[in-house]
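A.B. asks:
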Amino acid sequence: MIRTATTVDVAALTRIWEESVRAAYDFLAEGDIDFYRPYLLAGLMDGEVWVAEDDGAPAGFCVLAGQNTLAMLFVDPAQQRRGVGRALIAHARVLKGPLIVEVNEQVTGNVTFYQKCGFAVTGRSDTDAAGNPYPIVFMAQ
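Using my numbering, the letters of the sequence shown map in sequence onto residues 0 to 140.
Next up, the structure:
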């Protein structure tokens with residue numbers, strides 16, 4: 000089931016984000032995770048947030064911004080490879096039409112996952128939006 004997030008979900012979604020980042024972003028130091036946490040919280044408060052549930056508990060979430068931007072997609076590591084991310088992308092596409100996304104290039108499998116979900120590479124940056132040296136791949140459906 001996919002539903003709109005509420006303020007009650009913030010703690011669970013923050014946990015999913017932290018566990019996902021620690022599992023996949025092995026190049027980040029703890030200080031980097033602390034640096035990016037306010038960006039997460041701003042997205043959860045300001046974006047259009049959708050939660051995928053498994054047995055009534057959040058299994059993953061996405062944040063939509065602007066006309067068609069998939070601003071965030073995180074899945075609980077224990078729920079990965081079960082279709083949660085694909086379901087969230089499909090839901091977002093129904094709502095917004097073809098999506099655009101910025102993907103961290105250093106996360107193993109990121110670009111391939113999005114390609115399997117119908118995205119194509121449209122550009123690249125050597126730094127992320129905060130100016131940090133983490134390469135970003137721009138993709139669109």
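For each residue, glycine too, the CB sits at the ideal point set by N, CA and C.
Assuming contact is defined by CB atoms lying nearer than 8 Å, are Cys116 and Arg85 in contact in what I supplied?
C.D. replies: Yes, they are a contact pair.
A.B. asks: Just how far apart, CA to CA, sit Ala119 and Asp54?
C.D. replies: The alpha-carbon atoms of Ala119 and Asp54 are separated by roughly 33 Å.
A.B. asks: Could you work out which residue in Lys95, Val102, Ala4, Phe34 is closest to Ile135 when comparing CA atoms only?
C.D. replies: Considering only alpha carbons, the answer is Val102.
A.B. asks: Between Ile99 and Asn67, what straight-line distance do the alpha-carbon atoms span, to the nearest angstrom?
C.D. replies: Approximately 6 Å, taken between the alpha carbons.
A.B. asks: Tell me which residue opens and which closes the alpha helix (DSSP H) that Phe34 is part of.
C.D. replies: Its alpha helix (DSSP H) spans residues 29 to 45.
A.B. asks: How far does the beta strand (DSSP E) with Cys73 in it reach, from first residue to last?
C.D. replies: Note on residue identity: the sequence assigns Phe, not Cys, to residue 73. That run of the beta strand (DSSP E) goes 68 to 74.
A.B. asks: So who's on the other strand from Asp53, going by DSSP bridges?
C.D. replies: Bridge partners of Asp53: Ala56.
A.B. asks: Who does Cys116 pair with in a DSSP beta bridge?
C.D. replies: Beta-bridge pairing links Cys116 to no other residue.
A.B. asks: Shortest alpha-carbon distance to Arg44 belongs to which of Met71, Pro97, Ala28, Gly96?
C.D. replies: For clarity, residue 44 is Met in the given sequence; the question names Arg instead. Taking only the C-alpha atoms, the option nearest Met44 is Met71.
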